[in-house]
Structures are given as structure tokens and as C-alpha cells.
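> Structure in C-alpha cells, see below.
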Amino acid sequence: MFNNIWVEKYRPSSIDQLLIDSDTKTKLLEFKNAKEIPHMLFYGSAGIGKTTTAKIIVKELLNCDYLYINASEENGIDTIRNKLVSFSETKSYDGGLKVIILDEVDGLTKQAQDALRGSMEYYHENTRCILTANYIDKLSEPLISRTQSFSLKYDKKDVVRLCYSILKKENVLLDKINAQKMVQIIYSLYPDVRKSINSIQRMVSNGALIINQAIIDDIFCKDIADYIFSGRYTELRQYIISNEDKFFSDYNNLLKKLLEYIYKMDLDDIKKKQCILIIGEYLYRGVSSIDKEINCFVCMVQLIESLK
Numbered sequence: 003m004f005n006n007i008w009v010e011k012y013r014p015s016s017i018d019q020l021l022i023d024s025d026t027k028t029k030l031l032e033f034k035n036a037k038e039i040p041h042m043l044f045y046g047s048a049g050i051g052k053t054t055t056a057k058i059i060v061k062e063l064l065n066c067d068y069l070y071i072n073a074s075e076e077n078g079i080d081t082i083r084n085k086l087v088s089f090s091e092t093k094s095y096d097g098g099l100k101v102i103i104l105d106e107v108d109g110l111t112k113q114a115q116d117a118l119r120g121s122m123e124y125y126h127e128n129t130r131c132i133l134t135a136n137y138i139d140k141l142s143e144p145l146i147s148r149t150q151s152f153s154l155k156y157d158k159k160d161v162v163r164l165c166y167s168i169l170k171k172e173n174v175l176l177d178k179i180n181a182q183k184m185v186q187i188i189y190s191l192y193p194d195v196r197k198s199i200n201s202i203q204r205m206v207s208n209g210a211l212i213i214n215q216a217i218i219d220d221i222f223c224k225d226i227a228d229y230i231f232s233g234r235y236t237e238l239r240q241y242i243i244s245n246e247d248k249f250f251s252d253y254n255n256l257l258k259k260l261l262e263y264i265y266k267m268d269l270d271d272i273k274k275k276q277c278i279l280i281i282g283e284y285l286y287r288g289v290s291s292i293d294k295e296i297n298c299f300v301c302m303v304q305l306i307e308s309l310k
């Protein structure tokens with residue numbers, strides 16, 4: 003199963019295989035030796051390995067009973083009252099610890115978060131909770147304080163090495179030009195290692211990795227669109243400025259590419275027209291604009307406002 007899906011085939015199955023910083027890995031190995039864990043919180047960007055890390059803990063460190071809950075889908079207080087409490091009230095088959103993995107816990111309502119911290123305290127003797135979150139600022143401080151928190155991170159070069167390793171194992175041919183383009187893509191998708199692996203596999207054709215500039219442009223525009231549609235304008239500006247090499251600091255050309263990308267998107271027709279008109283207006287302004295980066299950024303803030 004999953005033999006042809008690289009992101010599953012090469013998913014880490016042990017602490018040693020995890021793509022995490024050395025301090026976090028050292029701490030996990032300490033927990034492994036002690037056969038004991040506290041309540042834990044792993045946070046960081048999507049695709050960085052939070053859920054994989056949580057599952058490795060229950061399988062490798064503790065080898066214990068566990069319950070998995072996707073808190074972004076089951077985000078109400080009833081989930082805590084019913085599933086979590088029911089699981090915590092019963093003893094494990096060997097009398098040892100049980101673990102509840104609450105994935106994307108930042109999706110829980112405030113009432114559910116309050117109920118969760120109460121349950122974490124009440125059932126502490128026999129049950130531990132491992133929480134994962136994309137946005138730690140969406141969690142209440144009392145909930146965070148009941149966990150040992152770990153910000154998952156790794157170096158861009160670690161992802162490049164991992165992708166090189168996968169291509170070698172899959173006997174994929176890679177020339178120098180496409181290797182450089184692959185690094186470009188990985189850096190643009192960082193820190194989402196899952197997206198990097200999926201993107202690279204999609205570009206393999208007839209046993210070779212072939213990347214054209216249009217693919218790079220589309221990936222970059224998709225990331226920008228994701229920031230726009232999620233309303234994260236401060237992160238968007240930082241992302242664009244730090245990746246100016248991908249569009250040679252040509253902000254008007256970037257707006258043209260974004261317009262083409264949004265035009266091809268599966269988007270509500272009225273919203274699509276609004277986006278095209280806004281980008282067109284700022285393309286016109288950009289011709290005489292002294293600071294084209296500011297003009298581009300204001301355009302994207304306008305897009306965010308129009309999509310609310």
C-alpha cells in the first residue's frame with residue numbers, strides 16, 4: 003500500500019528518521035529512554051511533520067493505546083466530553099499510559115479548549131495528550147501552559163538532501179539544470195516538506211525529473227494566492243520580498259503572472275472578476291509608480307479586502 007506515493011512511502015517511522023532540529027530530537031530520545039511523556043504540543047507550518055511526530059511517539063516511544071482526533075473537523079465541546087473523556091476513563095490493556103492525539107487543535111472552539119485543559123488535568127495519571135497546531139496564537143495560554151511545547155523546524159538544506167535521497171532510491175535521472183530548479187522549488191515551498199515531495203514526484207516523467215519555468219511560476223503564484231485567500235498580508239509581504247529572485251524583482255511581471263493564475267483558478271465568477279479588475283488597476287498604476295514593491299503589496303492587500 004502507498005508504494006507509488008512518495009510522501010507515504012518515505013514517511014518517517016522512527017525518531018531517527020524525523021526531519022526535526024537536534025534539540026527536539028534529543029528531548030524525544032530522553033522520553034523514549036524514560037518510557038514516559040508529558041502532555042505535549044507540536045506547532046509549526048502545515049506539512050512540517052507534526053502528526054507524523056505524534057504518531058511515532060505513541061508507536062515507538064510508548065507502544066501504547068491511543069486515540070486520534072482531527073480537531074479541525076470535530077472542534078466542539080461534545081468531542082471532548084464524549085470521545086476524549088470516554089477514552090480516558092478506561093484503563094489500557096497493560097495498565098500503562100494511553101495517549102490522545104488531538105490534531106490541528108487550533109481548530110477547537112474556546113469552550114472546547116477550556117474543557118480540554120480540564121480533562122488533561124483530571125485524567126493525567128493514566129492519559130497524556132499530544133496536541134498539534136498550525137497557529138499557536140489561536141490556543142489559549144492556560145492550554146499551552148499545560149504542555150511541553152515544541153516548535154518543529156529544520157533547515158532548507160535538509161529538505162533538499164531528503165528529496166535527493168528519494169530521487170536516488172527511485173532511480174530518477176537528474177541533470178544539473180533540473181537539480182537547480184528543484185532546489186528553487188523546495189526553497190519556495192519551505193517549510194512544507196510534504197508539498198515539496200508531492201511536487202517533485204509530479205514532475206517525474208519517463209524516469210527523469212523535468213521542471214519547466216511555468217511550473218515554478220505556478221507554484222510561486224499558488225503560494226501567493228494561498229496567503230491572499232487566507233488574509234495573511236504581513237506574512238505575504240515577507241514571503242514575496244524574501245523570494246524576489248524567483249521573479250527577478252519585477253513586480254509588474256509578478257502581478258501579470260498572478261492575474262493569469264487567478265484567471266485559471268476554480269473560483270466564484272464574481273470574485274474572479276473583482277480580482278482581475280483590481281490587479282489590472284494596479285498594473286496600470288505600476289507603470290508610473292516609483293516604488294513598484296509597495297504598489298504590488300497594496301494591490302494584494304486590496305485583493306484580501308475584496309475577498310472578505
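Residues in the sequence shown are numbered from 3 upward in steps of one, following the working numbering. Using N, Cα and C, we set each Cβ at its ideal position, and we do this for glycine too. Here the structure is a predicted model, which means the values were calculated and not measured.
Of all the options Ala181, Tyr263, Leu211 and Tyr229, which has the alpha carbon lying nearest to the alpha carbon of Asp220?
Residue mapping note: residue 220 aligns to position 218 of the sequence shown, counting from 1. Comparing Cα positions, the closest option is Tyr263.
> Is Ile7 helix, strand or coil by DSSP?
Within the sequence shown, residue 7 is the residue found at index 5, counting from 1. DSSP, read as helix, strand or coil, puts Ile7 in coil.
> Suppose only complete runs of 3+ residues qualify. What are the beta strand (DSSP E) ranges in the stretch 145–218, listed by chain order?
150–153
> Report yes if the CB atom of Leu133 is closer than 7 Å to the CB atom of Val107, and no otherwise.
Numbered from 1 along the sequence shown, position 131 holds the residue referred to as residue 133. Numbered from 1 along the sequence shown, position 105 holds the residue referred to as residue 107. The Cβ-Cβ distance between Leu133 and Val107 falls below 7 Å.
> Looking at Ile50 and Pro144, is the spacing between their C-beta atoms short of 7 Å?
Here residue 144 refers to the residue found at position 142 when the sequence shown is read from its first residue. Here residue 50 refers to the residue found at position 48 when the sequence shown is read from its first residue. Going by C-beta atoms, Pro144 is not nearer than 7 Å to Ile50.
> Within the stretch 53–98, note down every full alpha helix (DSSP H) run reaching 4 residues or more, in order along the chain.
87–91
> Let me confirm a value: Tyr45 is counted as buried when at least 16 other C-beta atoms fall within 10 Å, else exposed. Which label applies?
One-based indexing of the sequence shown puts residue 45 at position 43. Flag for Tyr45 reads buried.
> Leaving out five residues on either side along the sequence, give the residues of the same chain with a beta carbon under 8 Å from the beta carbon of Met267.
Translated into the one-based positions of the sequence shown, residue 267 becomes position 265. Once the five neighbours on either side are set aside, the close Cβ partners of Met267 are Ala227 and Lys274.
> Give me the Cβ distance between Glu129 and Ile103, rounded to the nearest whole Å; I'm assuming they're in contact under 8 Å.
Against the sequence shown, residue 129 aligns to sequence position 127. Against the sequence shown, residue 103 aligns to sequence position 101. The question names Glu, but residue 129 is Thr in the sequence shown. The Cβ separation is near 12 Å, so there is no contact.
> With distances taken Cα to Cα, identify the nearest neighbour of Ile58 among Lys155, Glu172 and Phe33.
Counting from one through the sequence shown, the residue named residue 58 turns up at place 56. It is Phe33.
> State yes or no: is the C-beta of Cys66 within less than 7 Å of the C-beta of Gly98?
Within the sequence shown, numbered from 1, the residue matching residue 66 stands at position 64. Within the sequence shown, numbered from 1, the residue matching residue 98 stands at position 96. The answer is yes: Cβ separation under 7 Å.
> Is the beta carbon of Met302 less than 7 Å from the beta carbon of Ile230?
As a position in the sequence shown, residue 302 is number 300, starting the count at 1. As a position in the sequence shown, residue 230 is number 228, starting the count at 1. Taking the C-beta atoms as reference points, Ile230 is found nearer than 7 Å to Met302.
> Count the other CB atoms within 10 Å of the CB of Met149; is the residue buried (16 or more) or exposed (fewer)?
For the purposes of this step, residue 149 is taken as the residue at position 147 of the sequence shown. Just to set this straight, residue 149 is Thr in the shown sequence, not Met. Buried.
> With a Cβ-Cβ cutoff of 7 Å, do Leu22 and Leu154 count as a contact?
Mapped onto the sequence shown, residue 22 falls at position 20. Mapped onto the sequence shown, residue 154 falls at position 152. Reading off the sequence, residue 22 comes out as Ile, not Leu. In contact: Ile22 and Leu154 (Cβ atoms closer than 7 Å).
> So is Gln240 buried or exposed if we call it buried at 16+ other beta carbons inside 10 Å?
The residue labelled residue 240 in the question sits at position 238 within the sequence shown. Label assigned to Gln240: exposed.
> Are the stretch 110–128 and the stretch 78–86 touching by the rule of at least three beta carbon pairs closer than 8 Å?
yes
> Starting from the C-beta of Val300, find all residues in its chain whose C-beta is less than 8 Å away, skip the five residues before and the five after it, and write them out in chain order.
Locating residue 300 in the sequence shown gives position 298, counting from the first residue. Within the same chain, and ignoring the five residues on either side of Val300 in sequence, the residues whose Cβ sits closer than 8 Å to its Cβ are Tyr284.
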